[in-house]
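In UniProt numbering, the protein residues as written are 1 to 253.
Think of the CB as a built atom: it goes at the ideal place given N, C-alpha and C, for glycine as much as any other residue.
The structure appears right after this line, and notes come after that.
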């Protein structure tokens, strides 16, 4: 039986899906037109029975054939020898991150009234894929609009109910966030605030809105993924009640 954390890791593959997936002895070779490492890497959650060196070579052949770099995602659930082997093969460690979780009963909500903002903020909530929301996300995050068709396809492939939230100020979107509710979990993605409006409580209020909806839909636990060096985000998440559960990182060649 898999642990709760392994279950969360497996859920994350469905909540941020690839567009194509190939299986090699339990490893999932994921691709999504190069958009995000999460969706374009080898998931090594399932243990290895075959020779690891041979499997790595097969992965390299697969990604080389589609002109993408070979990227491995490593977690505490990966084969213990895999990270060392990839290091020996000159794979570079990148994007060290944490999965953080929170039972919703521990949630420390942030109300709209706490926002450090004199102007009126307007919240919008959508329960479907919105091209407008995706465009707003790309504008705030700096993601190239060439990836919009890929993002649409990925969101359509999500296993679970999607919730798209945004805050607007004077008819200008200043923050967006995506949540997925599935199997009593709510996961958060793409939480971003316009740079000039950060540290005003907007992101916390946005997450509060999303988690409240998730709770109403039966979610009991939330999880998210965050870069280990993103101190402002990690501080906010801990303030809300999230705690570190396990690290993960990528090896890229």
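Expressed to the nearest angstrom, what Euclidean distance is found between the alpha-carbon atoms of residue i and residue j?
i           : j           : result
residue 85  : residue 28  : 18 Å
residue 183 : residue 7   : 11 Å
residue 24  : residue 201 : 45 Å
residue 48  : residue 5   : 19 Å
residue 181 : residue 89  : 39 Å
residue 159 : residue 172 : 31 Å
residue 204 : residue 109 : 8 Å
residue 123 : residue 163 : 13 Å
residue 32  : residue 69  : 12 Å
residue 18  : residue 30  : 5 Å
residue 156 : residue 78  : 29 Å
residue 259 : residue 11  : Examination of residue 259 is not possible in this model, given that the chain is present from 1 through 253 alone.
residue 125 : residue 176 : 10 Å
residue 195 : residue 144 : 18 Å
residue 230 : residue 199 : 14 Å
residue 56  : residue 50  : 10 Å
residue 65  : residue 59  : 10 Å
residue 15  : residue 191 : 15 Å
residue 174 : residue 140 : 8 Å
residue 254 : residue 54  : Only positions 1 to 253 of the chain appear in the structure, and residue 254 is not among them; the question remains open.
DSSP state of residue i, grouped into three classes?
i           : result
residue 68  : coil
residue 108 : coil
residue 251 : strand
residue 50  : coil
residue 35  : coil
residue 218 : coil
residue 87  : helix
residue 82  : helix
residue 236 : helix
residue 242 : coil
residue 228 : coil
residue 19  : coil
residue 101 : strand
residue 113 : Because the pLDDT of residue 113 is 47, which lies under 50, any placement of that residue in the model is unreliable, and the question is left without a value.
residue 45  : coil
residue 96  : strand
Once you ignore the five residues that flank residue i on each side, which residues in its own chain have a CB closer than 8 Å to its CB?
i           : result
residue 228 : 96, 97, 98, 234 and 247
residue 254 : Because the chain here runs from 1 to 253, residue 254 falls outside it and cannot be looked at.
residue 20  : 30, 31 and 32
residue 113 : Residue placement at residue 113 is flagged as unreliable, the pLDDT there being 47, under the threshold of 50; a coordinate-derived value is accordingly withheld.
residue 226 : 97, 98, 100, 233, 234 and 237
residue 267 : The shown model of the chain, from 1 to 253, leaves out residue 267, and the question about it has no answer.
Quick one: residues in its chain with C-beta nearer than 6 Å to the C-beta of residue i, no 5 flanking neighbours on either side, listed in chain order?
i           : result
residue 237 : 100
residue 240 : 108
residue 242 : 100 and 102
residue 215 : 104
residue 165 : 125, 177, 206, 209 and 210
residue 213 : 163
Can you determine whether any heavy atom of the ligand NAP sits closer than 7 Å to the C-beta of residue i, and answer yes or no?
i          : result
residue 44 : Because no ligand of any kind appears in the structure shown, any question about the ligand NAP cannot be addressed here.
Report all residues from its chain with a CB closer than 7 Å to the CB of residue i; omit the five preceding and five following residues, and keep chain order.
i           : result
residue 211 : 104, 107, 186 and 222
residue 46  : 26 and 27
On the premise that residue j lies in contact with residue i, defined as a C-beta separation below 8 Å, what is that separation, rounded to the nearest angstrom?
i           : j           : result
residue 13  : residue 44  : That pair is no contact at about 11 Å.
residue 209 : residue 161 : That pair is no contact at about 15 Å.
residue 138 : residue 148 : 7 Å
residue 91  : residue 253 : 5 Å
residue 189 : residue 178 : 4 Å
residue 62  : residue 22  : 6 Å
Query raised in the report: Can you list the beta strand (DSSP E) stretches of 3 or more residues lying completely in the stretch 119-206, in chain order?
Result: The stretch 119-206 contains these whole beta strand (DSSP E) runs: 121-126, 161-169, 172-182 and 185-193.
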